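Under numbering that gives the first Met the number 0, the first residue of the sequence shown is numbered 0, with each subsequent residue one higher.
Beta carbons: idealized from backbone N, C-alpha and C, even for Gly.
Quick caveat, the model's predicted, so the values are computed rather than measured.
Worksheet: one structure, shown below.
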Amino acid sequence: MASSRVRVDAWLWAIRVYKTRSAATTACRAGHVRVGGEKAKASQIVRIGDEIRVRLAGFDRILVVRELLTKRVGAPAAALAFDDRTPVRAPLTSVAVRDRGAGRPTKRERRDIDRLRGRDLDQ
C-alpha cells in the first residue's frame with residue numbers, strides 16, 4: 000500500500016485524520032493544514048519525516064510522517080504510519096453554563112464568568 004509520492008490530502012485521509020478525502024482537501028484549502036510550517040495545498044507531496052500540523056476543533060495536532068499510504072487502512076495500521084507529537088491538553092475543570100433564555104447576565108454574573116475564564120480585570 001506504500002508509494003513514493005503521496006498527496007497530503009490523500010495521506011491525511013488514509014491515516015484517518017479526516018473521514019473523507021474531500022474533507023481533507025477542504026481543510027487544506029481553508030489553511031488548516033501546514034507541512035513544515037507552511038500552508039499546504041491539497042496536492043502537495045509529503046515525504047517521510049515531514050511534520051504536518053492539522054487544525055482540528057480549535058487545536059493543532061502535530062504529526063510526523065513515518066510511512067506513506069495511498070489507500071485507507073485500518074486504525075492499527077494507520078497508527079503505525081505517523082508519530083503523534085501533539086502536546087497533552089489539560090482537561091477543562093469547570094465550565095460556566097447559563098440557562099438558555101436566561102437573559103443578559105447581571106454585572107455580578109459577568110464578573111464571575113470573566114474570573115472563571117481567566118480574564119480577571121480587578122488588578
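In the DSSP assignment, Ile-14 falls outside any alpha helix (DSSP H), carrying neither H nor E.
DSSP, reduced to helix, strand and coil, places Lys-38 within a strand of the structure shown. Contact check between the stretch 65-75 and the stretch 0-17: three or more CB pairs, one atom from each, fall below 8 Å, which counts as touching. It is roughly 6 Å from the alpha-carbon of Val-7 to the alpha-carbon of Ser-42.
Residue nearest to Asp-83 within the set Ser-21, Val-53 and Arg-107 is Val-53 (criterion: CA-CA distance). Residue range 50-55 is occupied by the beta strand (DSSP E) that includes Glu-50. Across the set Gly-102, Val-45 and Asp-113, the C-alpha of Val-45 shows the shortest separation from the C-alpha of Trp-10. The C-alpha of Ser-21 is placed about 31 Å away from the C-alpha of Ala-89.
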